[in-house]
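Novice: So for the sequence shown, the numbering used here puts the first residue at 13; every next one is plus one. Cβ atoms here follow ideal geometry from the backbone N, Cα and C, with glycine treated the same way. The model shown is predicted, which means the values in this text are computed figures rather than measured ones.
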Amino acid sequence: MNSSQESVRLAAGDVELTVHPENGCRIASLRVGGTELLRQGDRYGAFPMVPWCGRTREGRFRNGGIVHRLPLNAPPHAIHGTGRDTAWHTAVAGAAEAAFTYDLTEPWPYKGKVTQTFALTEDSLTVALGVETAETSFPAQAGWHPWFLRNIGGEDVRIAFTPEWQEERGDDHLPTGRRIAPEPGPWDDCFGMPAGVEVTLTWPEQLELTVASRTPWVVVYDEQDEAVCVEPQSGPPDGLNTRPQLVTLVDPLEISTTWTWRRLDAGADTAI
Numbered sequence: 013m014n015s016s017q018e019s020v021r022l023a024a025g026d027v028e029l030t031v032h033p034e035n036g037c038r039i040a041s042l043r044v045g046g047t048e049l050l051r052q053g054d055r056y057g058a059f060p061m062v063p064w065c066g067r068t069r070e071g072r073f074r075n076g077g078i079v080h081r082l083p084l085n086a087p088p089h090a091i092h093g094t095g096r097d098t099a100w101h102t103a104v105a106g107a108a109e110a111a112f113t114y115d116l117t118e119p120w121p122y123k124g125k126v127t128q129t130f131a132l133t134e135d136s137l138t139v140a141l142g143v144e145t146a147e148t149s150f151p152a153q154a155g156w157h158p159w160f161l162r163n164i165g166g167e168d169v170r171i172a173f174t175p176e177w178q179e180e181r182g183d184d185h186l187p188t189g190r191r192i193a194p195e196p197g198p199w200d201d202c203f204g205m206p207a208g209v210e211v212t213l214t215w216p217e218q219l220e221l222t223v224a225s226r227t228p229w230v231v232v233y234d235e236q237d238e239a240v241c242v243e244p245q246s247g248p249p250d251g252l253n254t255r256p257q258l259v260t261l262v263d264p265l266e267i268s269t270t271w272t273w274r275r276l277d278a279g280a281d282t283a284i
């Protein structure tokens, strides 16, 4: 493990994970056998979405009778939470495990604490997020926005998953509230997987990686040439308003995701 104010590096065998706590506690790099899997750049890698995911309509949400307004960082909406724009504190940094925290503060209107943990092995990465309140109950969401490279050598990645439904997307990129049969991509869409998220990315003759989570919600985005995104999250876009999950003193919001991978022989989809 190597850590500095700018980065924390975990390793397991020939797998290396680099986290940048100062830049939203995002995964800056995931290298398997020397091959980078994530799009590089300060805005990319894989970042946590917390205390909300995706777009919140017009930056407004309600907690009981109180209406709050968030900065419109993707006009006319507020997008992806505050965690990705915050410097996190490194609580624990070991050889293959680490934990980070930050305190909720303005522009989020409630006091609380967010914790993100990482556990790396030679064939998997498990990441967890927890949201706690310091006093008042509030609605929240949590999830991740990874930017997987479309191509790591050879053919482009293939995405495979079997959702039960797709959230119909309106012209404002938010769900209309109507569930429809899953449609073919390209996607910038939210899907329902009631048995838990399971999406497999296959780079032919290179690597197979599965994103799994017990949450039933996933957003898939593949409209860029450089990367594709598979985003498990605790609710759909605008979920602060449509499917709020209340964080209380006795009931924090907790969510985790596990990425597992296997390397593929050239010319055959079999593990090395």
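Considering only the beta carbon of each residue, do E179 and P256 sit closer than 7 Å?
Specialist: Translated into the one-based positions of the sequence shown, residue 179 becomes position 167. Translated into the one-based positions of the sequence shown, residue 256 becomes position 244. The answer is no: Cβ separation not under 7 Å.
Novice: Let me confirm a value: P88 is counted as buried when at least 16 other C-beta atoms fall within 10 Å, else exposed. Which label applies?
Specialist: Mapped onto the sequence shown, residue 88 falls at position 76. Result: exposed.
Novice: To the nearest angstrom, report how far apart E144 and G77 are at their CA atoms.
Specialist: For the purposes of this step, residue 144 is identified with residue 132 of the sequence shown, where counting begins at 1. For the purposes of this step, residue 77 is identified with residue 65 of the sequence shown, where counting begins at 1. About 21 Å.
Novice: So what does DSSP say about G142, is it helix, strand or coil?
Specialist: In the sequence shown, residue 142 corresponds to position 130, counting from 1. Strand.
Novice: Can you tell me whether G45 is helix, strand or coil according to DSSP?
Specialist: Start at 1 with the first residue of the sequence shown, and residue 45 comes out as number 33. DSSP places G45 in coil when its eight states are reduced to three.
Novice: Do L141 and V62 have their CB atoms nearer than 7 Å?
Specialist: On the sequence shown, residue 141 is found 129 positions in, with the first residue counted as 1. On the sequence shown, residue 62 is found 50 positions in, with the first residue counted as 1. Their beta carbons are under 7 Å apart, which means L141 touches V62 by this criterion.
Novice: Is it a yes or a no for the stretch 120 to 131 touching the stretch 231 to 239, going by three-plus beta-carbon pairs under 8 Å?
Specialist: Short answer: they don't touch.
Novice: Take the Cβ of V20 as the centre, count every other Cβ of all protein chains shown within 10 Å, and call the residue buried at 16 or more, exposed below.
Specialist: As a position in the sequence shown, residue 20 is number 8, starting the count at 1. With 16 or more other Cβ atoms within 10 Å, it is buried.
Novice: If you measure between the beta carbons of Q218 and G166, is that distance less than 7 Å?
Specialist: By 1-based counting over the sequence shown, the position of residue 218 is 206. By 1-based counting over the sequence shown, the position of residue 166 is 154. Contact: yes.
Novice: May I ask you to report which of helix, strand or coil DSSP gives R81?
Specialist: The residue labelled residue 81 in the question sits at position 69 within the sequence shown. Note: R81 maps to strand in three-state DSSP.
Novice: Between the alpha carbons of T174 and A224, how many angstroms are there, rounded?
Specialist: For the purposes of this step, residue 174 is identified with residue 162 of the sequence shown, where counting begins at 1. For the purposes of this step, residue 224 is identified with residue 212 of the sequence shown, where counting begins at 1. Rounded to the nearest angstrom, the two C-alpha atoms are 13 Å apart.
Novice: Since T94 is in the alpha helix (DSSP H), which residue starts that stretch and which ends it?
Specialist: Stepping through the sequence shown from its first residue, residue 94 is reached at position 82. First-last for T94: undefined, no H or E at that position.
Novice: Go ahead and pull the three-state DSSP assignment for T254.
Specialist: Within the sequence shown, residue 254 is the residue found at index 242, counting from 1. Helix.
Novice: Where E109 and E18 are concerned, what is the direct C-alpha to C-alpha distance, given to the nearest angstrom?
Specialist: Reading the sequence shown from its first residue, position 97 is the one you call residue 109. Reading the sequence shown from its first residue, position 6 is the one you call residue 18. Their Cα atoms are separated by approximately 17 Å.
Novice: Check each candidate in S268, A90 and G53 and name the one with the smallest Cα separation from T68.
Specialist: Here residue 68 refers to the residue found at position 56 of the sequence shown. Nearest C-alpha to T68: A90.
Novice: Over the uninterrupted beta strand (DSSP E) stretch that includes A224, give me the two end residues.
Specialist: For this step, residue 224 is matched to residue 212 along the sequence shown. That run of the beta strand (DSSP E) goes L219 to S225.
Novice: Between L29 and F130, which are expected to be in contact by the criterion C-beta below 8 Å, what is the C-beta distance as a whole number of angstroms?
Specialist: In the sequence shown, counting from the first residue as 1, residue 29 sits at position 17. In the sequence shown, counting from the first residue as 1, residue 130 sits at position 118. Between F130 and L29 the Cβ distance is about 7 Å, and since that is below 8 Å, they are a contact.
Novice: Would you call the CB atoms of F160 and V79 closer than 7 Å?
Specialist: As a working mapping, residue 160 is identified with position 148 in the sequence shown. As a working mapping, residue 79 is identified with position 67 in the sequence shown. Result no, Cβ atoms of F160 and V79 do not sit closer than 7 Å.
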